[in-house]
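One rule links them: number in our numbering = place in the sequence shown (from 1) + 9. Even glycine gets a Cβ: it sits at the ideal position worked out from N, Cα and C.
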Amino acid sequence: MKALLLVDIQNDFSPTGALPVPEGDQVVPVVNSIQEKFDLVVATQDWHPQEHQSFAVYHGKNPGEVIMLNGIEQILWPVHCVQESTGARFISELNLNRVQKIVQKGLDPQVDSYSGFFDNDHKSATGLGDFLKEKSVEEVYVTGLALDYCVKFTAMDSNQLGFKTKLIADATRAVNINPGDGDKAIEDMRSAGIEIVESKNV
Ligand code: VGL
Ligand code: ZN
10 MKALLLVDIQ NDFSPTGALP VPEGDQVVPV VNSIQEKFDL VVATQDWHPQ EHQSFAVYHG
70 KNPGEVIMLN GIEQILWPVH CVQESTGARF ISELNLNRVQ KIVQKGLDPQ VDSYSGFFDN
130 DHKSATGLGD FLKEKSVEEV YVTGLALDYC VKFTAMDSNQ LGFKTKLIAD ATRAVNINPG
190 DGDKAIEDMR SAGIEIVESK NV
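This is the structure:
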């Protein structure tokens, strides 16, 4: 079985959102056009409480600064994807008809969760791995936002869990806080054994 993961295709990651990903909205027509090729479609949704500790304002700091948060490095972000807010909703053009499961993440105020599988401390699982195994999924194709954070962490965990993992390069975009972060993320994934493919070939 082949699964398509739609990572965090939410208003706050569109170019007009609170944590804008350049061209982030451009992934939508691409992922809509390939959903029918998969047995299973799963969406992740960044879903933070108002007082989430990844928010810079909580610490009186600026977005982009790095702090230690409960023993792990944490990049600080603008307030984004607050539970029930408009910014946390999926981009309205995203087709959700075939989405069988929505995995919400980042609910624990004390730890961020870039991956759709585990919190950043790898202590708690979201249940996505078990769900995919129950459905006999062997191949996982990863798309969405943002390439250099949630997409990369999700693909790396998928690969580590033993799924044959592929990144659909034209169905993702990077934040690129530092120029080249997106390209580096692709190289990290390739080195880990993740195949980089194009949507026209899936
Ligand atoms: C993301 C930063 C903070 C992402 C989520 O979806 O890539 N990045 N929260
Ligand atoms: Zn977040």
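* Verify whether the separation of the beta carbon atoms of GLN19 and ASP48 is less than 8 Å. => no
* When DSSP builds the beta bridges, which residues end up paired with LYS11? -> GLU148
* Following the continuous alpha helix (DSSP H) through LYS209, name the residue where it begins and the one where it ends. => No alpha helix (DSSP H) holds LYS209; DSSP gives it neither H nor E.
* Minimum C-alpha distance to LYS11 - residue among LYS114, PHE99, GLU147 -> GLU147
* Asked: Between the stretch 116 to 131 and the stretch 20 to 35, are three or more C-beta pairs nearer than 8 Å?
  -> no
* Got a sec, what are the start and stop residues for the beta strand (DSSP E) GLU82 sits in? -> 81 to 84
* To do: Could you tell me which uninterrupted alpha helix (DSSP H) segments, each at least 4 residues in length, are contained entirely in the stretch 102 to 170, listed from first to last along the chain?
  => 137 to 143, 161 to 169
* Asked: From what residue to what residue does the beta strand (DSSP E) around ALA180 run?
  -> 173 to 182
* Is VAL40 helix, strand or coil by DSSP? -> helix
* Asked: Comparing alpha-carbon positions, which option in PRO188, GLN83, GLN169, ASP139 lies nearest GLY62?
  -> Before going on, a small fix: residue 62 reads as Gln here, not Gly. It is GLN83.
* **Unbroken beta strand (DSSP E) run spanning ASP17, endpoints** => First-last for ASP17: undefined, no H or E at that position.
* Taking just the CA atoms, how far does LYS209 sit from LEU13? -> 14 Å
* For my contact list, ASP34 and GLY96 are in at a C-beta cut-off of 8 Å; report their separation, rounded to the angstrom. => No, ASP34 and GLY96 are not in contact; Cβ-Cβ is about 14 Å, not under 8 Å.
* Closer than 7 Å: residues whose CB approaches a heavy atom of the ligand VGL -> VAL16, ASP17, PHE22, LEU28, ASP55, SER63, TRP86, HIS89, CYS90, GLY115, ASP121, TYR123, LEU154, ALA155, TYR158, CYS159, VAL160, VAL184
* Asked: Which residue from HIS68, ILE81, LEU85 puts its Cα closest to that of VAL75?
  -> LEU85
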